[in-house]
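Structure first, commentary second.
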Amino acid sequence: MPEKRKRNNDSVSAQGTGEDNVKPMSAVAAAKLRALQPEIADAVQESIDISPSPLVDPEPSDFDDNESSTSDDGLRSVQLCTWRYGQDHISSETESELTVFLQRNATISMIGCFDLVVLRGAINVNGANLSATGKEVPQVHRIYVPSISPITVIRGLDTRNEVRFLDCEEAVPLSDLSPLFANIWNASTSLKNRKRSFSLITDSDADPWNRPIAPELAPEDWLRQIEECANNPSTILVGGMPTSGKSMFARRLINRCLTGLGKSARAMSAVYFLDLDPNKPEYGPHGQISLALICELNLGPSFTRPSPENESSENFNKILHAHSVPTNDLFNYWSYFIACVKHLFRVYTDAQRQQPAPLIVNTPGSIFSIDVTLFIDVLAQIKPRQVVLTGDLEAIDELNAARLDAVDTFSRKSGITVSHIPAQYSVNKLSHSEAQLRSMHMLSYFHCTGRSQSDPRQFTFNSKSISSMTPWEFCYEETSYAQQTFIGILSMGEYIEPSRLSHVLNGSLVKLVETEDESIIALSNKLPRTQKYRLPYFQGNSDGMVAPPEPATSRVVCTALLRAWDPENRIAQLLIPKSLERAIRRLNPEKTVLISGCCDHPEWAYTEHDYYRLLRREDQVSATTTVLQQSQSPWVMPASTIKNMGYMNTTRRVRKFQQ
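Right under this line is the structure:
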């Protein structure tokens, strides 16, 4: 479509990336950079403010140890596995692989990224039961175990098992763009002083970089509940308090369903996953809820698989439908949220007629903790066969007892089976907050370029700064040479004055939504426009809230970064993940809406270019302050400057501005 085009490469940046002018590094400088990587990451973290926006409170992780006795001054030492180096336990070892013998119920843990092959027997990995295939070409599984997530425990299932760990390329090569990705993989060296992509880690205090390490926890109660759910596949809803381990339980249950249990339970070809948590979705970017068809094992954190393509082969995960939902304003859109849940469940009902498979539902912990009637609203729409609640079963106060009683009463009347399992909290608090993990997921989402051609078919990434990406041009008002390519801008969440719309949205994340809603389509070329840039926008009601599109007739196509406005040509420059560009080309201008207010501010995008340049200076450490002081990136300044912007003991509420 001529009006919705990708901008020419010769005019990519209005401000200039400067990447083409960077001198190539010598071999000596490259070696020095690798040696200084830990120090550089620390220096940049102090110089660039990459913390979550002060306007948004960071949310706790499913693995935060809110009730642990661990202090900030020290970490508890925890045994991660029972396997130890020994001649009787190793089959072979080279610079690129390690093959071990594992007895029944013995455990082994690795940190880093590796390919895993079961040569004999069977093992359990994050709920997945993997066994030797007996084929000439064994099946290879890629496993990601960074230090910022619980360390995966591999357990032997047969009397004698033989497992091979293979070196692989860098998992997600984005550490040049953000310190959040620095020093999260293997820190040890193997034979001949060559760094391998993985290494054995037996205890949480055995990490060479002294990073906070936490084990993956799966008590017997969980394992029994997973077997019960997998042996009676149906609609299973997982709920409970925040940070209680709901997401971890859902991941293990999905993996168990996809792999079966030897001869006693056949593996399922796919599982439907209804993700109702817009803050930390398992598949896809935040700011939306979705229904996905899962065909692949979940053996790594979400940033290692940024988003399934909307159209994938039968062997890959696939998002069937998604709706935009404000991350920080869910309760003001509760009726809309319930309508989205109802529609997604209807999509599942239609899909499972063509491809029967069980449905696993993950719910946000906030709806259970703040008002349990909201959780019951979700139950009423889905009517699952079984509900699994995670929580503290030993210390139940009156308020929590009332919540559980309300759920049990409704479930009993509706014929729903309710099971209670203990919450799981980490013994050590991990280094990255939930907001930082969301930033990592979104950064990898925009840098994802597709999948590799070789097995295992993993996601590939562009490790250059986002400032080097060519933007798509969306025309927001018809001109003499271009037609309008979307209806208008629909702002969800906090009300935005029309006069400030261009400033607030510049540099923000937006959802590209395709709708069949006739009431919205009828407003094409009829919406009011802002005075300065003439941006078309949907008007709000007396409270300033704008009615979102009807869920039954709309869907999210992708998340985009609004890079800049070109008011002279009436253009909005949008950055789109390369892996999703094919879907953008098929958008119908008369049915496309830009929705804002659903995502966090992308602080990671504002600092990428400076960090990328910094790691390409020959004198990295001494150049840290100079690079940042000379930075021409919009919205970026050293953290020390922001600290001095307060007055009367009040922290300055820093906002974005157009440079």
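In this note's numbering, the protein residues as written are 14 to 672.
Ideal placement from N, C-alpha and C gives every residue a C-beta, glycine not left out.
- The stretch 173-191 makes no contact with the stretch 94-102, as fewer than three CB pairs between them are under 8 Å.
- Rounded to the nearest whole angstrom, the CA to CA distance from Ile584 to Trp578 is 6 Å.
- Its Cα nearest to that of Arg237, the residue Arg269 stands out among Arg269, Leu250, Ile121, Thr215.
- Taking 9 Å as the cut-off, the beta carbon of Thr543 is found closer than this to the beta carbon of Leu514.
- For Arg366, the secondary structure class from DSSP, reduced to helix, strand or coil, is helix.
- Contact check for Leu271 against Met261 fails: the beta carbons are separated by 9 Å or more.
- DSSP links His334 through a beta bridge to Leu304.
- Within the stretch 374-416, the complete alpha helix (DSSP H) segments at least 4 residues long are 378-383, 385-395, listed from N- to C-terminus.
- For Leu111, the beta-bridge partners assigned by DSSP are Glu106, Phe178.
- When Ser210, Ala135, Gln92, Arg89 are compared, the shortest CA-CA separation from Ile124 is found for Ser210.
- The beta carbons of Gln301 and Cys611 sit about 7 Å from each other, so the pair counts as a contact at 8 Å.
- Restricting attention to Ala263, Leu129, Pro298, the CA atom closest to the CA of Ala243 is found in Ala263.
- Beta-carbon to beta-carbon, Phe329 and Glu309 are separated by about 6 Å, close enough to satisfy the 8 Å threshold.
- If only uninterrupted alpha helix (DSSP H) runs of at least 4 residues are considered, those enclosed by the stretch 181-257 are 233-244.
- DSSP places His460 inside the alpha helix (DSSP H), whose first and last residues are 447-460.
- Taking a cut-off of 8 Å on C-beta distances, the stretch 371-387 touches the stretch 337-347, as three or more cross pairs fall below it.
- Here Trp617 is buried. Its C-beta has 16 or more other C-beta atoms within 10 Å.
- In the three-state scheme derived from DSSP, where H, G and I count as helix and E and B as strand, Cys126 is classed as strand.
- Runs of alpha helix (DSSP H) with 4 or more residues, each lying fully within the stretch 596-627, are found at 616-627, listed in chain order.
- Secondary structure at Arg265: helix, using DSSP grouped into helix, strand and coil.
- If you check the CB distance, Ala231 and Ile164 do not come in under 9 Å.
- Counting C-beta pairs with one atom in each stretch, the stretch 562-576 and the stretch 584-602 have three or more that are closer than 8 Å, which means they touch.
- Gly297 and Ala352 do not touch by the CB rule: their CB atoms are close to 20 Å apart, not below 8 Å.
- The alpha carbon of Gly275 has as its nearest neighbour, out of Phe178, Ala141, Glu407, the alpha carbon of Ala141.
- Non-local C-beta neighbours of Leu575 in its own chain, meaning closer than 7 Å and more than five positions away in sequence, comprise Leu518, Asn519, Gly520, Ser521, Val523, Ala585, Leu587, ordered along the chain.
- Gly378 sits buried, since 16 or more C-beta atoms from the chains shown fall within 10 Å of its C-beta.
- Here Gly428 is exposed, its C-beta having fewer than 16 other C-beta atoms within 10 Å.
- The DSSP-derived three-state label of Thr172 is coil.
- For Leu525, the uninterrupted beta strand (DSSP E) run begins and ends at 522-528, by DSSP.
- Counting other Cβ atoms within 10 Å of its Cβ, Tyr489 reaches 16 or more and is therefore classed as buried.
- About 6 Å separates the beta carbons of Arg265 and Ile239, which is inside the 8 Å limit, making them a contact pair.
- Counting other Cβ atoms within 10 Å of its Cβ, Arg117 stays below 16 and is therefore classed as exposed.
- Distance between Asn375 and Gly557, taken at the CA atoms: about 31 Å.
- Here Pro225 has Leu88, Asn441, Lys442, Leu443, Ser444 as same chain residues with Cβ atoms under 7 Å from its own Cβ, once five neighbours each way along the sequence are excluded.
- DSSP places Ile429 in the coil class of the three-state scheme, outside both helix and strand.
- In this structure, the straight-line span from the alpha carbon of Leu193 to that of Asp128 is close to 24 Å.
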